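**Q** I am attaching a structure below and will ask some questions about it afterwards.
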Amino acid sequence: MFAATVAVTSTASAGTTLGTSAAEQGRYFGAAVAANKLSDATYVGILNREFNMVTPENEMKWDATEPSQGQFTYTNADRIVSHAQTNGMRVRGHALTWHSQQPGWAQNISGSALRQAMVNHITQVVTHYRGKIYAWDVVNEAFADGGSGGRRDSNLQRTGNDWIEVAFRTARAADPGARLCYNDYNTDGQNAKSNAVYAVVQDFKARGVPIDCVGFQSHFNTASPVPGDYQANLQRFANLGVDVQITELDIEGSGTTQADNYGRVVRACLAVSRCTGITVWGIRDTDSWRASGTPLLFDGSGNKKPRTPRSSTP
Ligand code: 9MR
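Structure representation (structure tokens):
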């Protein structure tokens, strides 16, 4: 579908895979990868053929990397990073801080003990992967849904409103070469939640708090469709001086409707010069966290879904 869209603007040179098509446009096309699927030949065949960026789907989360306080386990995450490096793919690290998928010990502490644990966690993990990560999701999903425009209540938020700033400064110190991103969902269009993220990015840029990119998860279905102002929203963030990335794309549906929606997302990214790439949240429909919604680009057998006919993507 990426190739189909690229063909609209660049008929002669459209690449034949998602990754090569994206690279022709100076961008990447990535997938979320699960370490336990790296022994599935069909899965790995598609991954190696089509993608040039990888996000570990769960393996770099706090519960996976620091199951006991101060004891770090990187086996599964390292397998993904090493697979990526061997096959010429870059890596998006996901996610250093999040209210979800925390180890039990972190859920049971609070205040300065939790703040210290967060700082140590970021320092250790980012240092372990120093030089190997294109971009880190430093903070994931820190804003509340709905119209409040406020922070999400969480144990991390209760350590003090400056926790996001501290997380970014800590990550920068541990790997000055990695791009540091804020990542969230339901921020794909302009709304109270994305306005709140926008205000923080604007504030960070004004005060010199290190932030390089904003990730838009882009989990779409009929209840949460591709917003009409998707491109405009990406552009207003880019105008703040950060890269924008589509980080967890999936679109429930099938057939032409689904293909058209993927095309809309790809065209929105291509239209924003600081939109540096797109990552889909899984490879085959059966690999998805929303498998029943068949939201990905390859069916359960690993076949490419049909691209949008050019006549329907003006
Ligand atoms: O795809 C991930 C799934 O395997 C996990 O069970 C789930 C646990 O919360 O997390 C999923 O990935 C999430 C991502 O880390 C953050 N944004 C929402 C994603 C889908 O839930």
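Each step along the sequence shown adds one to the number in this note's numbering, with nothing skipped, and position 55 is 53.
Glycine is no exception: its CB is placed at the ideal position from the N, C-alpha and C atoms.
What you are looking at is a predicted structure, and each value in this text was computed from that prediction instead of being measured.
I think VAL195 touches TYR180, with their Cβ atoms under 8 Å apart; what is that distance to the nearest whole Å?
**A** Working through the sequence shown from its first residue, we reach residue 195 at position 197. Working through the sequence shown from its first residue, we reach residue 180 at position 182. The pair is a contact, with the Cβ atoms about 6 Å apart (cut-off 8 Å).
**Q** Just the Cα atoms here: how many angstroms apart are ALA104 and ASP173?
**A** Against the sequence shown, residue 104 aligns to sequence position 106. Against the sequence shown, residue 173 aligns to sequence position 175. Cα to Cα, the separation comes out at about 24 Å.
**Q** Closest to GLY187 by C-alpha separation, out of ALA176, ALA230, ILE44, would be which residue?
**A** For the purposes of this step, residue 187 is identified with residue 189 of the sequence shown, where counting begins at 1. Ranking ALA176, ALA230, ILE44 by Cα distance to GLY187 puts ALA230 first.
**Q** In chain order, which continuous runs of the beta strand (DSSP E) of length 3 or greater are located wholly inside the segment 230 to 288?
**A** Counting whole runs of 3 or more residues, the segment 230 to 288 contains the beta strand (DSSP E) stretches 241 to 249, 273 to 278.
**Q** Can you give the beta carbon distance from ARG272 to ALA236, rounded, assuming they're within the 8 Å contact cut?
**A** Translated into positions along the sequence shown, residue 272 becomes position 274. Translated into positions along the sequence shown, residue 236 becomes position 238. Going by Cβ atoms, the distance from ARG272 to ALA236 rounds to 4 Å, so yes, they are a contact pair.
**Q** Would you say the beta carbon of SER290 comes nearer than 7 Å to a heavy atom of ligand 1?
**A** As a working mapping, residue 290 is identified with position 292 in the sequence shown. Flag unset: Cβ of SER290 not near ligand 1.
**Q** Report back the beta-carbon spacing between ASN219 and GLU250 to the nearest angstrom; my notes put them in contact at under 8 Å.
**A** If you number the sequence shown from 1, residue 219 lands on position 221. If you number the sequence shown from 1, residue 250 lands on position 252. Correct: roughly 4 Å between the Cβ atoms.
**Q** State whether the segment 272 to 281 contacts the segment 24 to 31, with contact taken as three or more CB pairs (one from each stretch) at a distance under 8 Å.
**A** yes
**Q** For ASP160 and ARG150, I'd like the C-alpha separation in whole angstroms.
**A** Within the sequence shown, the letter at position 162 stands for residue 160. Within the sequence shown, the letter at position 152 stands for residue 150. Going by the C-alpha atoms only, they are around 13 Å apart.
**Q** Between which residues of its own chain and ARG177 is the CB-CB distance below 6 Å, once the five residues before and five after are set aside?
**A** Counting from 1 along the sequence shown, the entry for residue 177 is found at position 179. Taken in chain order, the residues that qualify are ALA133, ASP210, CYS211.
**Q** With a CB to CB cut of under 8 Å and the five nearest residues on each side skipped, what residues in its chain are close to PHE70?
**A** In the sequence shown, the residue the question calls residue 70 occupies position 72. So the qualifying residues of the chain are THR63, GLU64, GLN122, VAL123, HIS126.
**Q** Can you list, in chain order, the residues of its chain with a C-beta nearer than 7 Å to that of PRO312? Leave out the 5 residues immediately preceding and following it.
**A** As a first step, residue 312 must be located in the sequence shown, where it is residue number 314. Note on PRO312: pLDDT 45, under 50, position unreliable in the model; no value is reported.
**Q** Beta-carbon within less than 7 Å of ALA269's beta-carbon, same chain only, minus the 5 sequence neighbours each way: which residues are those?
**A** Walking along the sequence shown from the start, residue 269 turns up at place 271. The residues are GLN229.
**Q** How do the segment 40 to 59 and the segment 82 to 90 stand: do at least 3 beta-carbon pairs fall below 8 Å, yes or no?
**A** yes
**Q** Which residues share a DSSP beta bridge with LEU94?
**A** The residue given as residue 94 occupies position 96 in the sequence shown. BP columns for LEU94 are empty, so no partner.
**Q** Run through DSSP, which three-state label would THR63 get?
**A** Stepping through the sequence shown from its first residue, residue 63 is reached at position 65. In this structure, THR63 counts as helix in the three-state DSSP scheme.
**Q** Quick check: the Cα distance between ARG313 and LEU36, rounded to an integer number of angstroms?
**A** Outside the shown range of the chain, which is -1 to 312, sits residue 313, and nothing can be said about it.
**Q** Determine the extent of the beta strand (DSSP E) in which ARG177 is found, giving its start and end residues.
**A** The residue you call residue 177 lines up with position 179 of the sequence shown. Per DSSP, ARG177 belongs to the beta strand (DSSP E) from 177 to 182.
**Q** Mind checking which residues open and close the alpha helix (DSSP H) that includes THR73?
**A** Here residue 73 refers to the residue found at position 75 when the sequence shown is read from its first residue. THR73 -> alpha helix (DSSP H) spans 73 to 84.
**Q** Less than 7 Å between C-beta atoms, sequence neighbours within five positions excluded: which residues of the same chain meet that for ALA115?
**A** To locate residue 115, count along the sequence shown from 1; it is residue 117. Around ALA115: GLN67, ALA104, ILE107.
**Q** Taking Cβ to Cβ, would you say ARG170 is nearer than 8 Å to PRO208?
**A** For the purposes of this step, residue 170 is taken as residue 172 along the sequence shown, with counting starting at 1. For the purposes of this step, residue 208 is taken as residue 210 along the sequence shown, with counting starting at 1. Result yes, Cβ atoms of ARG170 and PRO208 sit closer than 8 Å.
**Q** Between which two residues does the alpha helix (DSSP H) holding ASP201 run?
**A** Counting from 1 along the sequence shown, the entry for residue 201 is found at position 203. Here the alpha helix (DSSP H) through ASP201 covers 190 to 205.
**Q** For my contact list, TYR183 and HIS217 are in at a C-beta cut-off of 8 Å; report their separation, rounded to the angstrom.
**A** Along the sequence shown, one-based indexing puts residue 183 at 185. Along the sequence shown, one-based indexing puts residue 217 at 219. About 6 Å; that satisfies the 8 Å criterion.
**Q** Give the single residue among GLY253, GLY213, VAL224 whose Cα lies nearest to the Cα of LEU295.
**A** Mapped onto the sequence shown, residue 295 falls at position 297. Answer by Cα proximity: GLY253.
**Q** Taking the Cβ atom as the reference point for each residue, do LEU94 and ASP61 lie within a distance shorter than 8 Å?
**A** Residue mapping note: residue 94 aligns to position 96 of the sequence shown, counting from 1. Residue mapping note: residue 61 aligns to position 63 of the sequence shown, counting from 1. Their beta carbons are not under 8 Å apart, which means LEU94 does not touch ASP61 by this criterion.
**Q** Apart from the five residues on each side of it in sequence, which residues of its chain come closer than 6 Å, Cβ to Cβ, to VAL117?
**A** For the purposes of this step, residue 117 is taken as the residue at position 119 of the sequence shown. Once the five neighbours on either side are set aside, the close Cβ partners of VAL117 are THR168.
**Q** Among the candidates PRO101, LEU154, ASN74, whose CA atom is the shortest distance from the CA of GLY109?
**A** Position 111 of the sequence shown, counted from the start, is the residue given in the question as residue 109. The residue with the shortest Cα to Cα distance from GLY109 is LEU154.
**Q** Tell me whether the beta-carbon of PHE214 lies closer than 8 Å to the beta-carbon of VAL242.
**A** Position 216 of the sequence shown, counting from 1, holds the residue named residue 214. Position 244 of the sequence shown, counting from 1, holds the residue named residue 242. Yes, these two residues count as a Cβ contact at 8 Å.
**Q** Say yes only if the C-beta of TRP331 is nearer than 7 Å to one or more non-hydrogen atoms of ligand 1, and no if none qualify.
**A** Coverage of the chain is limited to positions -1 through 312, which leaves residue 331 absent and any answer about it impossible.
**Q** For SER222 and ALA190, what's the separation of their Cα atoms in angstroms?
**A** Reading the sequence shown from its first residue, position 224 is the one you call residue 222. Reading the sequence shown from its first residue, position 192 is the one you call residue 190. Answer to the nearest angstrom: the Cα atoms are 15 Å apart.
**Q** What's the gap between the Cα of SER152 and the Cα of PHE202?
**A** The residue you call residue 152 lines up with position 154 of the sequence shown. The residue you call residue 202 lines up with position 204 of the sequence shown. Each residue's Cα considered, the two are about 21 Å apart.
**Q** From ILE244, THR15, THR284, GLY175, pick the residue whose C-alpha is nearest to that of THR185; which is it?
**A** As a working mapping, residue 185 is identified with position 187 in the sequence shown. For the residues ILE244, THR15, THR284, GLY175, the minimum Cα distance to THR185 belongs to ILE244.
**Q** Any heavy atom of ligand 3 closer than 7 Å to the CB of ALA165?
**A** Of the ligands one can find in the structure shown, namely ligand 1, none is ligand 3.
**Q** Have a look at THR157 and LEU112 and give me their C-alpha separation to the nearest angstrom.
**A** Taking the first residue of the sequence shown as 1, we reach residue 157 at position 159. Taking the first residue of the sequence shown as 1, we reach residue 112 at position 114. Those two C-alpha atoms are separated by around 7 Å.
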